[in-house]
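Student:
2 protein chains.
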Amino acid sequence: MSDLLERLRGRGWRVTSQRRVVAEVLDGDHVHLTADEVHARAAQRLPEISRATVYNTLGELVSLGEVLEVSTDGRAKRYDPNAHRPHQHLVCSRCGTIRDVHPTGNPLADLPAEERFGFTVSEVEVTYRGVCPSCT
Amino acid sequence: MSDLLERLRGRGWRVTSQRRVVAEVLDGDHVHLTADEVHARAAQRLPEISRATVYNTLGELVSLGEVLEVSTDGRAKRYDPNAHRPHQHLVCSRCGTIRDVHPTGNPLADLPAEERFGFTVSEVEVTYRGVCPSCT
DNA sequence: TTCTTGACCTGGACAGCGTCCATCGTAGGA
DNA sequence: TCCTACGATGGACGCTGTCCAGGTCAAGAA
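In order, the protein sequence lines correspond to chains R and B. Sequential numbering of the first sequence, starting at 0, is according to numbering that gives the first Met the number 0. Sequential numbering of the second sequence, starting at 0, is according to numbering that gives the first Met the number 0.
1) What ranges does the alpha helix (DSSP H) occupy inside the segment 40-74 of chain B, keeping only unbroken runs of at least 4 residues that lie completely in it?
2) Kindly indicate which residue of B:124, B:3, B:115, B:39 has the alpha-carbon position closest to the one of residue 71 of chain B.
3) Under 8 Å: do the segment 50-64 of chain R and the segment 90-99 of chain R share three or more Cβ pairs, one atom per stretch?
4) Can you list, in chain order, the residues of the segment 25-37 of chain B whose Cβ is nearer than 7 Å to any Cβ on chain R?
5) Quick check on the burial criterion: 16 or more other C-beta atoms within 10 angstroms. Buried or exposed for residue 21 of chain R?
6) Leaving out the 5 sequence neighbours to the left and right, which residues in its chain are closer than 7 Å to residue 110 of chain B when beta-carbon positions are compared?
7) For residue 68 of chain R, which residues from the same chain have a beta carbon less than 6 Å from its beta carbon, with the 5 sequence-adjacent residues on both sides left out?
8) Does DSSP put residue 26 of chain B in a helix, a strand or coil?
9) Mind listing which residues of the segment 109-135 of chain B have their C-beta closer than 8 Å to chain R's C-betas, in chain order?
10) Give me, in chain order, the residues of the same chain whose beta-carbon lies closer than 8 Å to that of residue 73 of chain R; leave out the 5 immediate sequence neighbours on both sides.
11) Smallest Cα separation from residue 105 of chain B: which of B:133, B:86, B:79?
12) Mind checking residue 132 of chain R: buried by the 16 CB within 10 Å criterion, or exposed?
13) For residue 4 of chain R, which residues from the same chain have a beta carbon less than 7 Å from its beta carbon, with the 5 sequence-adjacent residues on both sides left out?
14) Helix, strand or coil for residue 91 of chain R? Go by DSSP, reduced to three states.
15) Going by DSSP, what residue range makes up the beta strand (DSSP E) through residue 124 of chain B?
16) Which bits of chain B does residue 100 of chain R rub up against, with CB to CB less than 7 Å?
17) Quick test of your reading: residue 90 of chain R and residue 128 of chain R, contact by CB under 8 Å. State the CB separation rounded to the nearest angstrom.
18) Output yes or no for whether 7 Å exceeds the beta carbon distance between residue 80 of chain R and residue 25 of chain R.
19) Is residue 115 of chain B helix, strand or coil by DSSP?
20) Kindly list, in the order they appear in chain R, the residues whose Cβ is closer than 9 Å to that of residue 3 of chain B.
21) Output the distance between the C-alpha atoms of residue 140 of chain R and residue 45 of chain R, rounded to the nearest integer angstrom.
22) So for residue 7 of chain R, helix, strand or coil by DSSP?
23) Give me the chain R residues within the contact set of residue 70 of chain B, using Cβ-Cβ distance strictly less than 7 Å, ordered along the chain.
24) Could you name the residues of chain B that residue 104 of chain R contacts, counting a contact when the two beta carbons are closer than 9 Å?
25) Find the residues of chain B that neighbour residue 94 of chain R, judging by a C-beta separation of less than 9 Å, and give them in chain order.
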């Protein structure tokens with residue numbers, strides 16, 4: 000994640016303290032924070048950072064393909080920094096915990112032509128649901 | 000869908016005109032209405048029906064397993080009356096149209112034990128995304 | 001280092017979706 | 001027909017996300 004800012008600077012991004020803090024908050028594995036959580040953590044380091052800036056920065060990171068948007072519960076969207084390794088999600092139905100998982104096989108191949116209704120299908124998103132060890 | 004009301008009455012549901020209208024609106028194939036759309040259509044037949052009642056009724060139908068909740072876009076949830084035949088969804092990224100589809104294979108089997116992190120996995124949700132014929 | 005400027009940040013207003021609650025109405029059994 | 005508990009109403013409220021006018025500052029130029 001440290002070279003993320005360099006990559007963005009190379010694309011003409013102005014590197015500000017706000018953007019740096021948002022990028023730092025989104026570092027790590029199995030990170031799936033809501034915009035509000037990102038804002039709360041960013042505000043610990045930069046108390047005056049505004050909600051609008053967090054939303055803007057997250058939106059930019061998503062358009063640039065550096066962060067994925069995940070909505071597993073129909074409530075707040077979550078932001079997943081693990082955008083460069085394809086993966087799916089495993090969600091606990093009780094507590095909402097999310098893990099990145101790597102299924103075998105290619106679900107795109109499982110959709111026969113006669114089930115495509117003329118669509119040009121380009122993506123598949125798989126969400127596994129169950130109960131995590133702590134909630135069992 | 001006509002026996003739905005009978006089934007619900009058998010479970011102790013009080014059948015009111017509001018619940019009947021909501022159930023009727025949700026009849027058909029490839030129906031994926033938002034709560035607001037359900038309310039608008041219900042109000043054509045029963046002008047005084049309230050938003051709260053529509054939300055309550057939809058929530059009850061979901062808990063009873065008669066209707067599925069689908070959130071494909073992170074915005075309003077959609078309600079799918081086709082709850083008794085397992086299926087997945089194909090969504091147009093441009094216009095948002097949703098089709099029910101039936102992939103081959105069993106995605107649950109594609110998640111190896113070492114990728115389950117101790118979860119008891121019980122469900123999979125697959126969303127295919129692409130561009131529909133009208134938007135091409 | 002200082003200057004300049006346009007991209008960026010801020011805070012608040014606003015909109016969409018959904019929930020809650022006190023009160024009123026009514027389905028369905030006695 | 002009457003009673004009553006379950007359901008409907010609608011308005012207030014909360015959360016998530018967007019937009020905007022005005023103030024601020026990163027980074028290149030000199």
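For each residue, glycine too, the CB sits at the ideal point set by N, CA and C.
Tutor: Reading off the structure:
1) 50-62
2) B:124
3) no
4) none
5) buried
6) 120
7) 61, 76
8) coil
9) 109, 110, 111, 114, 115, 116, 117, 118, 119, 120, 121, 122, 123, 124, 125, 126, 127, 128, 129, 130, 131, 132, 135
10) none
11) B:86
12) exposed
13) 14, 19, 22
14) strand
15) 119-130
16) 110, 114
17) 5 Å
18) yes
19) coil
20) Simply none; closest approach about 24 Å.
21) Lying outside 0 to 135, the shown extent of chain R, residue 140 of chain R is not represented and no answer is given.
22) helix
23) 70, 73
24) 104, 106, 108, 109
25) Result: empty, since nearest Cβ-Cβ is about 11 Å, beyond 9 Å.
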